[in-house]
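Novice: Residue numbers (my numbering): 3 to 137.
Glycine included, every Cβ here is placed at the ideal spot set by N, Cα and C.
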């Protein structure tokens, strides 16, 4: 595995992600921001943040598989959430949990969450991009 995830002493321990990813691989994979589209380009979970987060994760998993990797290879995730407020954290975590259960993994790489005014179309509530490192 090309990624080692750590929570160094002196930094807070966050349940849903690790503070540091140490990459030792040689192949970088940059995955475009994924929105809640299915394979036909239809928005999944209109108005439902949890469903959209889940679909974004499933789309990232598909892209990782195409690159020869998995969520174990993800060094960094960036979340863009429309009109972010703290009350959106529970549905975001629910979507993450549902995706993790479907994919049989625990996605905890370093992550950044950025509140945005809008995404590509009004139906999209979240976009998630990933950077992975493979051996």
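Should the segment 18-26 be regarded as contacting the segment 111-120, the criterion being three or more beta carbon pairs within less than 8 Å?
Specialist: Yes, the segment 18-26 is in contact with the segment 111-120.
Novice: For residue 90, which residues from the same chain have a beta carbon less than 8 Å from its beta carbon, with the 5 sequence-adjacent residues on both sides left out?
Specialist: Here the set comprises 51 and 83.
Novice: Using a Cβ-Cβ cutoff of less than 8 Å, which residues in the same chain neighbour residue 27 once the five nearest sequence positions on both sides are dropped?
Specialist: Result list for residue 27: 4, 5, 75, 135, 136 and 137, in chain order.
Novice: Give a yes or no on whether the C-beta atoms belonging to residue 131 and residue 34 are separated by under 8 Å.
Specialist: The answer is yes: Cβ separation under 8 Å.
Novice: For residue 39 and residue 58, what's the separation of their Cα atoms in angstroms?
Specialist: Those two C-alpha atoms are separated by around 8 Å.
Novice: Closest by CA to residue 71, which one among 37, 133 and 14?
Specialist: It is 133 whose Cα lies nearest to the Cα of residue 71.
Novice: What residues are listed by DSSP as bridge partners for residue 7?
Specialist: Residue 7 pairs with 23.
Novice: What is the residue span of the beta strand (DSSP E) that residue 78 lies within?
Specialist: Unbroken beta strand (DSSP E) run through residue 78: 76-84.
Novice: Pull up the CB-CB distance for residue 56 and residue 100, whole angstroms please, since I reckon it's below 8 Å.
Specialist: Confirmed, Cβ separation roughly 5 Å.
Novice: Count the other C-beta atoms from every protein chain shown that fall within 10 angstroms of the C-beta of residue 11, then say buried if there are 16 or more, exposed otherwise.
Specialist: Under this definition residue 11 is an exposed residue.
Novice: Need the endpoints of the beta strand (DSSP E) that residue 121 sits in, please.
Specialist: Taken as a continuous stretch (DSSP letters only), residue 121 belongs to no beta strand (DSSP E), as it is neither H nor E.
Novice: Does DSSP put residue 48 in a helix, a strand or coil?
Specialist: In this structure, residue 48 counts as coil in the three-state DSSP scheme.
Novice: Going by DSSP, name the residue or residues bridged to residue 117.
Specialist: Residue 117 pairs with 83.
Novice: According to the Cβ coordinates, are residue 60 and residue 104 closer than 8 Å?
Specialist: Contact: yes.
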